[in-house]
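To keep things clear, I will list the structure first and then write my remarks on it.
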Amino acid sequence: MAKAADVYFRADPWKIIEKDFDPAYSQVSESVFSLANETIGVRGCFEEGGSVSSLRGAYINGVYDTEPLPRSYRGIIDETHFMIPAADWLMTGISLDGEKLDLGKADFHSFRRELDMLSGTLTRSFVWRTASGRELRLTFLRFVDMIHRERAYQRVSMEALNYSGEVVFTSGLSFDVLHMGNRKCYWQEARTEATENRLMLQARTLRSGQEVFAGALLDMPGNAAIQRTGKTVSMCATLPLRQGREIHIDKRVVLLFDETAGETLWQSGLAALSESEKVSTEEALQAQREYWDAYWRISDVKIGASKENAAAVAAEQQGIRFCSFQLAQIYNGGSMRHNIGAKGLTGEAYNGHAFWDTEACCLPFYLFTNPQAARDLLLFRYNTLPQALARAQMLDCRGACYPIATLNGNEACSLWQHASLQLQPSTAVAYGIWHYVHVTGDRAFLYDYGAEMLLQIARFLASRVEKGGRTGKYGFFGVMGPDEFHMMVNNNAYTNYMGKRTLMCAMAALDALRAERPEAFAELTQKTDLKEEEPARWREIADGMYLPRDENGLIEQHDGYFNLPHTDINAIPVEQFPLYDHWSYDRIYRSDMIKQPDVLMMLYLYNTSFSEAEKRINYEFYEPRTIHESSLSPAIHSILAAELGKMEEAVRFFGFATRLDLDNYNRNTREGLHVTSIAMAWANIVYGFAGLRSDGDGLGFAPRLPERWNLLCFSVLYQGRVIRITMEKDGTRFRLVRGEPLDIRVYGKPRTVSKEEIIISGL
Ligand code: BGC
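Heads up: the sequence shown begins at 1 in the working numbering, then just goes up one per residue.
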């Protein structure tokens with residue numbers, strides 16, 4: 001592994017701490033200190049802005065704009081869409097003695113910024129010393145409401161340390177915000193209003209026509225003057241300060257985006273603002289603590305170590321908690337309009353788009369902690385089935401081709417190599433449906449939604465597959481597998497295998513529907529115009545699919561891969577990461593270096609379908625050729641390494657996966673967090689060290705505690721049960737916290753989990 005940690009934040013079990021601000025890490029900190037509640041999100045940027053390097057961004061899930069693209073060839077999109085920053089609700093200005101607060105220029109000390117994962121709050125404090133020698137202690141607190149997801153809170157506290165005098169304070173809301181990548185404001189036609197303590201603003205995007213209402217209630221001493229300029233409205237007041245007496249300015253914010261517009265949205269916004277007034281900031285803070293408390297009771301992962309390993313393990317503990325914290329912020333279900341952006345709501349990179357990562361990597365976390373959210377994620381795909389049907393047609397295929405990158409169901413990726421050649425979004429959606437139904441037993445979902453998606457995906461694959469070539473068998477030609485460093489390849493093993501499994505899954509779903517709900521089957525047949533001969537052809541394709549594999553079980557990633565020149569990935573200097581910034585696009589295609597697990601990905605997803613010998617030979621061959629340039633890579637390797645008993649490697653990859661952003665391993669955390677790695681860090685614990693397997697019959701575990709840990713403890717939700725798993729040196733305890741006893745397998749042997757704890761020791 002060529003990558004290394006760049007340690008900046010302090011280790012703490014429940015907090016992320018930045019002490020003494022280093023401007024070089026400004027944007028990294030902004031990403032790490034992001035807050036969100038699935039609906040609204042905000043980067044950890046300084047309220048007062050200033051000249052520090054910043055990627056200022058407050059986002060609303062589902063808010064985007066579009067740009068036309070030059071007309072190109074058939075199959076290549078001619079319009080793209082991307083998340084844009086919405087109203088800047090943190091906007092604050094502070095002036096003292098005619099000096100404007102700007103940490104890029106000001107003299108300040110005692111800086112500390114903390115993200116508290118027990119309350120979901122971000123605080124920043126420091127002492128500002130003006131040129132005249134006056135010292136003002138400032139503390140900024142913010143949080144986004146996890147329950148009322150349209151609400152957010154900000155509190156600014158000020159204490160004059162060595163004088164009594166005045167400070168000029170401004171607080172506002174603004175749609176004069178720039179999309180940093182395009183250096184463009186995407187908001188127009190703002191309506192602004194302000195009363196004594198309220199600011200209200202509504203604006204419309206340039207092309208997508210979406211409207212957002214932003215409102216703020218300010219609790220500010222003194223007489224404030226209202227200022228309106230462009231798409232910004234603010235209040236400004238001169239506040240008296242008495243030495244040693246702290247004052248607070250509270251701001252409660254409502255951001256509404258509900259697909260209504262104009263007066264209807266305005267009125268809903270006003271009502272939501274009035275509603276929010278019923279709760280004080282303290283009450284909202286208390287409710288917030290209770291929310292997180294309940295969350296951690298199910299979703300906490302506790303790691304313990306002896307004294308000599310305490311430091312290393314403290315970093316891992318913090319890392320995994322940070323990941324769980326972020327997952328709850330990024331998505332927790334309830335809206336079928338949202339998916340999981342590859343950067344969540346933490347930055348503009350990846351444009352807010354969701355990828356196949358959702359089903360292949362993020363879904364397990366929700367399956368085992370919040371199955372309703374897993375279902376909602378899949379319903380997003382059902383709701384966007386019409387767009388997937390249209391996309392398949394653009395590619396001269398039939399059925400449903402799911403987009404590689406999307407916010408609204410349409411393909412948004414303008415790189416045709418990715419958008420047209422990657423079939424993994426479609427096979428991942430199929431895998432997600434299958435995995436969800438397999439784990440939850442929710443057959444109603446399969447019959448009401450899943451079967452239709454599976455049918456259309458199978459139809460797409462059947463129209464995309466070819467027969468012939470060197471092997472004379474079925475295979476996918478001209479594709480890009482998960483390893484994006486090889487494009488336009490033939491017989492990518494992953495794509496062929498996932499295609500085969502998808503076809504089999506679709507056939508099984510339709511058979512079950514026909515047997516159990518004949519009327520629904522007849523309806524679906526009619527709706528989709530399914531011909532009798534189609535499933536028969538899917539069977540022929542699945543049976544005749546080419547799967548390259550030598551006599552030892554080594555799988556060639558794609559035709560010709562074994563003949564490619566070799567790149568020694570350990571010889572690549574760390575300054576050249578991320579490669580996409582330092583190597584030309586075509587240079588990375590010319591060798592056997594791979595970006596992320598490809599063959600290994602299918603060994604992870606359909607784990608129980610492959611033997612240990614197959615996993616070993618492929619792991620040992622492909623891992624040294626993998627540069628882990630994709631954030632989903634390290635955890636997949638860690639999980640397989642743990643299964644193969646390569647515990648040192650497993651722990652090393654886990655450190656990488658779990659602290660990818662905290663330690664900026666890929667040197668691009670400034671762009672936003674790597675949500676897939678965050679989700680996979682959880683999988684790394686549960687599938688890696690506890691050895692959960694959920695793709696076979698029932699649940700299987702094979703716990704392997706890393707040498708330097710003496711405790712690993714977590715819970716999983718499974719079919720109405722809560723199972724607590726505690727791994728210690730002398731064995732693993734399984735206990736049912738809630739629900740009916742359950743038969744599981746541990747190290748391959750049948751066991752029953754009940755309220756009475758069972759202890760299983762050793763392999
Ligand atoms: C990876 C893709 C992934 C995307 C979003 C890319 O770098 O190669 O597999 O879907 O990032 O995480």
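Beta carbons: idealized from backbone N, C-alpha and C, even for Gly. Treat the numbers as computed from the prediction; the structure is a model and nothing was measured.
Considering only residues of the same chain and omitting the five flanking positions on each side of residue i, which have a CB-CB separation below 6 Å?
{"i": "residue 111", "result": "20, 21 and 126"}
{"i": "residue 726", "result": "713 and 733"}
{"i": "residue 238", "result": "166 and 168"}
{"i": "residue 786", "result": "No answer is possible for residue 786: the residues shown for the chain start at 1 and end at 763."}
Restricting to Cα atoms, I'd like to know which of the options is closest to residue i.
{"i": "residue 57", "options": "65, 47 and 266", "result": "47"}
{"i": "residue 773", "options": "83, 51 and 719", "result": "Since the first and last residues shown for the chain are 1 and 763, residue 773 lies out of range."}
{"i": "residue 517", "options": "547, 582, 393 and 448", "result": "448"}
{"i": "residue 98", "options": "133, 42 and 114", "result": "133"}
{"i": "residue 187", "options": "257, 84 and 114", "result": "84"}
{"i": "residue 67", "options": "412, 373 and 55", "result": "412"}
{"i": "residue 689", "options": "678, 649, 676 and 660", "result": "649"}
{"i": "residue 768", "options": "721, 119, 5 and 583", "result": "Because the chain here runs from 1 to 763, residue 768 falls outside it and cannot be looked at."}
{"i": "residue 61", "options": "91, 210 and 706", "result": "210"}
{"i": "residue 498", "options": "444, 303, 426 and 564", "result": "426"}
{"i": "residue 552", "options": "8, 382, 610 and 586", "result": "610"}
{"i": "residue 565", "options": "591, 216 and 45", "result": "591"}
In the DSSP assignment, the beta strand (DSSP E) including residue i goes from what residue to what residue?
{"i": "residue 768", "result": "Residue 768 lies beyond the stretch modelled for the chain, which goes from 1 to 763, so this question has no answer here."}
{"i": "residue 530", "result": "Here residue 530 belongs to no beta strand (DSSP E), and DSSP marks it neither H nor E."}
{"i": "residue 719", "result": "Element bounds for residue 719: n/a, residue is neither H nor E."}
{"i": "residue 179", "result": "Premise fails: residue 179 is in no beta strand (DSSP E) and is neither H nor E."}
{"i": "residue 68", "result": "64-68"}
{"i": "residue 736", "result": "731-738"}
{"i": "residue 202", "result": "198-205"}
{"i": "residue 58", "result": "58-60"}
Please report whether the beta-carbon of residue i lies at a distance below 9 Å from any beta-carbon of chain B.
{"i": "residue 404", "result": "The chain inventory of the structure shown lacks chain B, comprising one protein chain alone."}
How would you write the range of the alpha helix (DSSP H) that residue i sits in, first residue to last?
{"i": "residue 773", "result": "Only positions 1 to 763 of the chain appear in this structure, which leaves residue 773 out of reach."}
{"i": "residue 7", "result": "From DSSP, residue 7 is part of no alpha helix (DSSP H); its letter is neither H nor E."}
{"i": "residue 579", "result": "579-582"}
{"i": "residue 290", "result": "281-299"}
{"i": "residue 617", "result": "612-622"}
{"i": "residue 494", "result": "493-516"}
Closer than 8 Å: is that where the CB of residue i sits relative to any heavy atom of the ligand BGC?
{"i": "residue 674", "result": "yes"}
{"i": "residue 277", "result": "no"}
{"i": "residue 355", "result": "yes"}
{"i": "residue 596", "result": "yes"}
{"i": "residue 629", "result": "yes"}
{"i": "residue 350", "result": "yes"}
{"i": "residue 68", "result": "no"}
{"i": "residue 342", "result": "yes"}
{"i": "residue 632", "result": "yes"}
{"i": "residue 411", "result": "no"}
{"i": "residue 482", "result": "yes"}
Grab me the residues of residue i's own chain with a C-beta within less than 7 Å of its C-beta, minus the 5 sequence neighbours each way, in chain order.
{"i": "residue 487", "result": "417, 421, 480 and 589"}
{"i": "residue 370", "result": "332 and 333"}
{"i": "residue 250", "result": "155, 219 and 281"}
{"i": "residue 546", "result": "471, 473, 474, 475, 491 and 496"}
{"i": "residue 140", "result": "47, 123, 124 and 156"}
{"i": "residue 623", "result": "637"}
{"i": "residue 339", "result": "354, 358, 377 and 380"}
{"i": "residue 179", "result": "84, 85, 186 and 348"}
{"i": "residue 309", "result": "708"}
Please work out which residues of its chain come closer than 8 Å, Cβ to Cβ, to residue i, disregarding the five sequence neighbours upstream and downstream, and give them in chain order.
{"i": "residue 227", "result": "170, 172, 233, 234, 235 and 236"}
{"i": "residue 748", "result": "700 and 702"}
{"i": "residue 440", "result": "367, 371, 374, 375 and 719"}
{"i": "residue 513", "result": "446, 447, 451, 520, 521 and 524"}
{"i": "residue 101", "result": "48, 50, 93, 94, 95, 128 and 138"}
Would you be able to state if there are at least three C-beta pairs under 8 Å between the segment 622-630 and the segment 704-715?
Pairwise C-beta distances place the segment 704-715 out of contact with the segment 622-630, as fewer than three of them are shorter than 8 Å.
For the segment 663-671 against the segment 564-578, do three or more pairs of beta-carbon atoms, one drawn from each stretch, fall closer than 8 Å, so that the two count as touching?
The segment 663-671 vs the segment 564-578: in contact.
If you pair each beta-carbon of the segment 603-614 with each one of the segment 563-576, do three or more pairs fall below 8 Å?
Contact between the segment 603-614 and the segment 563-576 is absent, because fewer than three Cβ pairs lie under 8 Å.
Tell me whether the segment 452-461 and the segment 520-532 touch, counting them as touching only if at least three CB pairs, one residue from each stretch, are closer than 8 Å.
They touch, by the three-pair rule.
Decide yes or no for the touch test of the segment 231-242 against the segment 164-179: beta carbon pairs closer than 8 Å, at least 3 of them.
Flag = yes, the segment 231-242 and the segment 164-179 touch.
Check whether the segment 670-677 and the segment 331-351 touch, using three or more Cβ-Cβ pairs below 8 Å as the test.
Touching, yes, given that three or more Cβ pairs across the two stretches are closer than 8 Å.
With contact counted as at least three CB pairs below 8 Å, one residue from each stretch, are the segment 177-186 and the segment 239-258 in contact?
Put simply, the segment 177-186 does not touch the segment 239-258. Fewer than three CB pairs are less than 8 Å apart.
Please confirm if the segment 354-363 is in contact with the segment 392-400, defined as three or more CB-CB distances below 8 Å between the two stretches.
Between the segment 354-363 and the segment 392-400 there are fewer than three inter-stretch CB-CB distances shorter than 8 Å, so the stretches are not counted as touching.
Using 8 Å as the Cβ pair cut-off and three pairs as the minimum, do the segment 318-333 and the segment 298-305 touch?
Yes, the segment 318-333 touches the segment 298-305.
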